[in-house]
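Step one of this worksheet: look at the structure below.
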Amino acid sequence: GQPPWNDPAGQQGRRGGGAPAPRPGQGSTPGGGYEQSPGPAQGRGQGYGQRDARSQNQRPGGNPPQYPRTGPEQVPGSGTGPRPAQRGTGPARQVPRGYERGGTGPRRMAGEYQGDYPAEGYSARGEGRFGREERESWDSDAGDGTFLPGFDRRRGLSGASRDGYRGGRGERRDPRDRRDWNDRGDSDDYDDTDWPKRKRSPIRRLAPWIALLVILTPLVIGGLYVYHLYENKYHPADYSGPGTGPAVVVEVNSGDTAFTLGPRLQQLGVVASARAFELAAERSTSTVGLEVGFYRLNHHMQASLAYAALLNPKDRVQLTVLIPEGKRASQVIVLLAKATGIPLAKFQQVIDHPAQLGLPSYAKGKVEGYLFPATYTIQPNETALQILQAMVQRYDVEAQQISLPAAAAKVHLTPEQVIIEASMVQAEGGVISDYPKIARVIINRLNDGMKLQFDSVLLYGLNAYAVNVTDAQIATPGPYNDFQHYGLPPTPICNPGNAAIQGILHPAAGDWLYFLTVTGKASEFSATPLQGQ
């Protein structure tokens, strides 16, 4: 068919709408048509190099519109051939596809290569199809119809918009609001120097200092911690001087060292720090070590003085109690209660329930005779049970040392019989030299079938103390009345010592059946009754 510009009726539509009719006096080509280029090798046609007449009219103060000339025209860059012009008064013809609405030459697609463009005059990047001069001229055209009214391409906004109104519609807006620019796609062309600078918030101003504080805080804490460790290890806290009262009693247990005592002394307020006490022990030149016991120390003592006090026996707190030989169990607990301050009832309760004391089996649950007489060191925190247990343990030690069961068998006695006879010798003897002789009297009387008739045995049964017994006491019946019964009493009558036990195990030789005790002197022994018996 025919091309659209040769449509005789002029009714064929063009893409996007019909061709606009020429304006009066605009000087169109003959026939009212558009001036066209003869062929594709037209170079820079009016559609590209020459601005549209409508754009010329829109520029304030611009030159009069230039209309295309008729007749042959030399087109720069397109060769020397003439270009025919068309005129006419007929209806507007449809612009062929590829032609620009406001121009007279064909429109090229973006990025389309045109081999007849000169190589010179174009930038290496970013200029595309246009030359530098034509782009600057085109950019400076404020009347280009591609821009919305009220905008200035160079400044981004028209005068009215810069004064605070949008697009001349009278709508008030904040000049600092740039969101409208971004919406229109012109954010790259505004001049930032025309707008006031926004003030930074206090938080943003403080942000560097906060960051610095975050970095420095752990460093400072870590440094203080390391310094604290160093000071505690080599320069620990310490008091000066011997300290002040009231005194504190400190117990040194078996296996204790300066490292175990230090925290306890610090807790009691004796030393300022455990490390200071450890250093005092490390620097001490004494050859004496810590001993088990209780020690009296002051409050707020210098660590070196506190350690020296623990090595000094004079500062040791220990209660020494002497339990004489021949005392009954009832007498022993009275001495203990008076020395320790523990109530007598506590000791009596243990005597009445002796199962916890660890008595030997041959004691038959009786305490009497097995509280070994000796000198005891009692610690401040010991109980009545612990004190009596220590006395029974001391008996076990003495019995093991002399091998009591075997030694008793040699004299045809049991361990129980040895302790019973030793208690009788201990109660009757005036001096130690009497013990073996009294032991021989017991043996002789038992062998002869006589009653023992020891006053000490009768008095024990009556819970009485006397030098001589009375007829009334002799007449009083009881298991311990050896004036009425033959043989040994049922239990020991006191707590004998080692000398009395040895006297039974090694009796003297003699035919003695009688003896008379003289207080503080040696007793008289005889095979016949003595005067006063």
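134 is the number that my numbering gives to position 58 of the sequence shown; each next residue is one higher, with no gaps.
Positions of the beta carbon are idealized from the N, C-alpha and C atoms, including for glycine.
With the cut-off set at 8 Å, would you say residue i and residue j are in Cβ contact?
i: V468; j: L433; result: yes
i: Q502; j: E401; result: yes
i: P456; j: V393; result: yes
i: A313; j: A352; result: yes
i: V576; j: A498; result: At residue 576 the sequence reads Ala, which differs from the Val that was named. Closer than 8 Å, so yes.
i: V410; j: L420; result: yes
i: V494; j: A484; result: yes
i: P491; j: Y438; result: yes
i: V296; j: L373; result: no
i: N571; j: L534; result: no
i: V347; j: A323; result: no
i: T567; j: K414; result: no
i: D360; j: Y383; result: Note that residue 360 is Ser in the sequence shown here, rather than Asp. Going by C-beta atoms, S360 is nearer than 8 Å to Y383.
i: V507; j: L581; result: no
i: V408; j: I399; result: yes
Are there 16 or more other CB atoms within 10 angstroms of the CB of residue i, so buried, or fewer, so exposed?
i: Y536; result: buried
i: T593; result: buried
i: G505; result: buried
i: G298; result: exposed
i: M526; result: exposed
i: L337; result: buried
i: T416; result: buried
i: Y471; result: buried
i: L288; result: exposed
i: T595; result: exposed
i: D547; result: exposed
i: Y303; result: exposed
i: P553; result: exposed
i: G573; result: buried
i: V543; result: exposed
i: Y452; result: buried
i: E354; result: buried
Which class does residue i belong to by DSSP, given the choice of helix, strand or coil?
i: N374; result: strand
i: V533; result: helix
i: I495; result: helix
i: T567; result: coil
i: V364; result: coil
i: G338; result: helix
i: I279; result: helix
i: R392; result: strand
i: G204; result: For G204, the predicted structure reports a pLDDT of 46, less than 50, and the residue's modelled location is therefore unreliable. The matter cannot be settled from this model.
i: A323; result: strand
i: G23; result: As displayed, the chain neither begins before 77 nor continues past 609, which places residue 23 out of reach and without an answer.
i: V594; result: coil
i: F353; result: helix
i: S316; result: coil
i: L606; result: coil
i: F601; result: strand
i: T453; result: strand
i: L433; result: helix
i: L464; result: helix
i: L398; result: strand
i: V426; result: helix
i: V290; result: helix
i: V302; result: helix
i: V328; result: strand
Compare the C-alpha of residue i against each of the options and name the closest.
i: V397; options: A384, D510 and L412; result: L412
i: L381; options: Y315, Q342 and G321; result: Y315
i: D524; options: D472, G563 and Y446; result: G563
i: E444; options: P318, Y303, P565 and P553; result: P565
i: G345; options: K414, R516 and M377; result: M377
i: R404; options: P449, L387 and H375; result: P449
i: A598; options: Q529, A348 and P512; result: P512
i: N520; options: N574, Y541 and Y590; result: Y590
i: P555; options: A542, I569, V545 and E367; result: I569
i: P605; options: L581, P322, Q529 and N574; result: Q529
i: V364; options: G573, E354, A484 and P389; result: P389
i: S406; options: N539, L295 and A585; result: N539
i: M500; options: L489, K486, A515 and I508; result: A515
i: S460; options: H429, E354, K442 and P481; result: Looking at the sequence itself, residue 460 is Ala, so the reference to Ser does not match. Minimum Cα distance to A460 is reached at H429.
i: S362; options: R372, A350, L386 and K442; result: L386
i: F559; options: V326, I508 and D531; result: D531
i: D587; options: W285, S479 and I518; result: I518
i: H375; options: R359, R340, I478 and V328; result: R340
i: I427; options: G321, E600, E458 and Q462; result: Q462
i: S509; options: L435, P436, L480 and A584; result: A584
i: F423; options: D391, T451 and E458; result: E458
*Between the stretch 319-332 and the stretch 363-374, do three or more beta carbon pairs fall short of 8 Å?*
yes
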